[in-house]
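Novice:
In my numbering, the protein residues as written are 963 to 1080.
#1: What is the residue span of the beta strand (DSSP E) that residue 986 lies within?
#2: Assuming residue 1010 is part of the alpha helix (DSSP H), what are its boundary residues?
#3: Where does the unbroken beta strand (DSSP E) through residue 1075 begin, and where does it stop?
#4: Does the beta-carbon distance from residue 997 to residue 988 come in below 8 angstroms?
#5: Beta-carbon separation of residue 995 and residue 1072 under 8 angstroms?
Below, the structure written as C-alpha cells:
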C-alpha cells in the first residue's frame, strides 16, 4: 500500500524486486541494470526481455512466448529477427568484460533462457 508522506513524495511499503548475481545487479521497479556498479543503458524492449528471462531463471521461453509477452503481439515472420536482434544487443551490453558470463543462453530453434552463474 502506498501512502503520501509530509514531503509530498510517494512512499512504497512494498519491497523492491532486486536480483544480484555475481557482478549483475537488476532492479525491476527502477528498471535498472548494473554490471560491476556501472549502469547499463537498455532500451525498453531490451529491459522487458531481460526482466522476463531473469525473473524466470532456467525457464525456456520460445520465440512465440517472448513475442506475446514482451510485444503483446502474435508471432509473425519478423518477430524472430527482432527478438534475435534485441538478444544480441542485450548480450553485448551485459558482457562488459571477458570475466562476465554470458547469462542469456540460446535454446537451438526454440528460444532463450537466463542461466544464472555465480
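For each residue, glycine too, the CB sits at the ideal point set by N, CA and C. Bear in mind that the values here come from a model prediction, so they are computed numbers and not experimental data.
Specialist: In terms of the structure at hand:
#1: For residue 986, the uninterrupted beta strand (DSSP E) segment begins and ends at 986-989.
#2: DSSP places residue 1010 inside the alpha helix (DSSP H), whose first and last residues are 1006-1016.
#3: It spans 1073-1076 - the beta strand (DSSP E) in which residue 1075 sits, taken as one unbroken run.
#4: Between residue 997 and residue 988, the C-beta gap is not smaller than 8 angstroms, which leaves the two residues out of contact.
#5: In this structure, residue 1072 does not lie closer than 8 angstroms to residue 995 by Cβ.
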